[in-house]
Every structure is written in structure tokens, then in C-alpha cells.
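Let me begin by presenting the structure, written as C-alpha cells, before commenting on it.
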């Protein structure tokens, strides 16, 4: 199972909106509505930001939103803040193959 | 406090095995899946395996299924992940995480266990 494809980095100024894409196949992102997104700061464990494509866990800012079109999922961060600077990973259920993570995207707040 | 607490760092020689534990505290252990994920130094997250709430079903990443075994002990609220025939490429931080059944959400993570494979 190959890793899902994400851009290596995305940058934006405080207050702006950015979108991170996550491209998979018809066997994972395109087949199941079980895409999640994780934020990871250096040296820390990942934290779930979005699950089931667009659901936000309790306590996660509503500045984070998720969507999907075909085999590509997206994470949008609006009103970008300095604390959003981190690595972001998508993850998709792939049936009998289990789960697959994306390659990771570093978000840079300018 | 609800949390997953993992065992401490390990240093192993190539060819040896390592067993990492993940103890659930503060919640009903038997109602959640336990996922295992690893991260090599400077690299991304890699999904490894999952075990069902009752422990009767497991699933492994294709490239690891010959060397990885996941188990769980409901009496002690602890999940285990063992990697055999260790190689230098297995040097990584290993995480456990809990998943509510059917959600696909790794909603709570352990603190991670660093495993170093070196001769």
C-alpha cells in the first residue's frame, strides 16, 4: 500500500487560509469515508484534528475543516495562527490493507 | 485521567526482538481498537497494525506482517506490539493509539516508545 500523496510544505501569513491536499486511490480515500487528519508538533505525539472526512473532535478549533472529492481529501485551516505551524498527516482506511498515512505536509506560518 | 502509557525506550541488536506495551488508564479498555504506528527519525508516520476490542481480530501492514505481532490483555488493560528479527530500519518511535470502533479516528495516543536497533 503506497503512502497517500501530500505537498511537502504549505505556507501562509497569519489570518490567511490554507488548504492541504491528500491524494489516494479508489481503494482508500476514494472508497471509504474514513479519512482523518493529524497535527504533529516536533517531539510530540500526533493529535487528531478531523475524522470521518469532515468531523471535528471536541476541543478542536472550528478553524479546521475537512472535505473530500473523489480520491482527494483536503484539510483547510482558516485564520492561520502561529500555533498552527506543525506537520500535518492525512490517514485513510484501505479495507483489507488496513490504514495508510500520507507523506506529511509542513505548515509554515510566515 | 484518561491516557495511554507506553513502556520505556529500548536499545536492541540486529536480529533481536522487542516488545512494547501500552497500558490504558481511566477508560473501558475492551471497547476500543488499539492501533500501532511508527515514525523513523525525520520521517513520516507509518501504520503498522490494529487489534480489535476483544483481541480476536488483527490486521497488519503488508510489509510487516511476517515480523510484527499485536496482542492485548484485558485483565491488565494492556496492549502489546512485538517486532522480531530487528533491522536498523526498525529504529523509530513506536506509538499506540485507541480508535472507537468504525470511526477511523486515532483519537488518543500514547507518548511513544523509542526503539533503537544498533550493533
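Chains as they are written, first to last, in our numbering: chain P, 1 to 110; chain Z, 1001 to 1119.
Glycine residues also receive a C-beta, built at the ideal position from the N, C-alpha and C atoms.
Computed from a predicted model, the values in this text were never measured in an experiment.
Separation of residue j from residue i, as counted between CA atoms
i	j	result
residue 94 of chain P	residue 34 of chain P	9 Å
residue 983 of chain Z	residue 1093 of chain Z	Beyond the ends of chain Z as shown, which are 1001 and 1119, falls residue 983 of chain Z; an answer cannot be given.
residue 1111 of chain Z	residue 1019 of chain Z	16 Å
residue 45 of chain P	residue 1062 of chain Z	24 Å
residue 4 of chain P	residue 1044 of chain Z	11 Å
residue 1096 of chain Z	residue 91 of chain P	15 Å
residue 1058 of chain Z	residue 98 of chain P	10 Å
residue 1038 of chain Z	residue 1056 of chain Z	23 Å
residue 1085 of chain Z	residue 41 of chain P	31 Å
Cβ distance (whole Å) where residue i is taken to contact residue j below 8 Å
i	j	result
residue 7 of chain P	residue 27 of chain P	About 22 Å separates the two Cβ atoms, so there is no contact after all.
residue 1049 of chain Z	residue 1036 of chain Z	5 Å
residue 1002 of chain Z	residue 1027 of chain Z	5 Å
residue 1041 of chain Z	residue 1088 of chain Z	With 8 Å as the limit, residue 1041 of chain Z and residue 1088 of chain Z do not qualify as a contact, their Cβ atoms being about 11 Å apart.
residue 1116 of chain Z	residue 1034 of chain Z	Going by Cβ atoms, the distance from residue 1116 of chain Z to residue 1034 of chain Z rounds to 23 Å, so no, they are not a contact pair.
Residue i versus the options, residue with shortest Cα-Cα distance
i	options	result
residue 50 of chain P	P:73, P:41 and P:14	P:73
residue 104 of chain P	P:29, P:16, P:30 and P:37	P:37
residue 109 of chain P	P:78, P:82 and P:24	P:82
residue 16 of chain P	P:78, P:57 and P:3	P:78
residue 19 of chain P	P:86, P:3 and P:66	P:66
residue 63 of chain P	P:71, P:89, P:76 and P:48	P:76
residue 1053 of chain Z	Z:1064, Z:1119 and Z:1078	Z:1078
residue 86 of chain P	P:9, P:1 and P:2	P:9
Contacts of residue i in chain A (Cβ-Cβ under 7 Å)
i	result
residue 1111 of chain Z	Chain labels in this structure do not include chain A; the protein chains are P and Z.
Under the three-state DSSP convention, the category residue i falls into
i	result
residue 1095 of chain Z	strand
residue 84 of chain P	helix
residue 1017 of chain Z	coil
residue 1089 of chain Z	helix
residue 124 of chain P	The question about residue 124 of chain P has no answer here: the residues shown for chain P are numbered 1 through 110.
residue 976 of chain Z	For residue 976 of chain Z there is no data in the structure shown, the boundaries of chain Z being 1001 and 1119.
residue 25 of chain P	coil
residue 19 of chain P	strand
residue 1031 of chain Z	helix
residue 65 of chain P	strand
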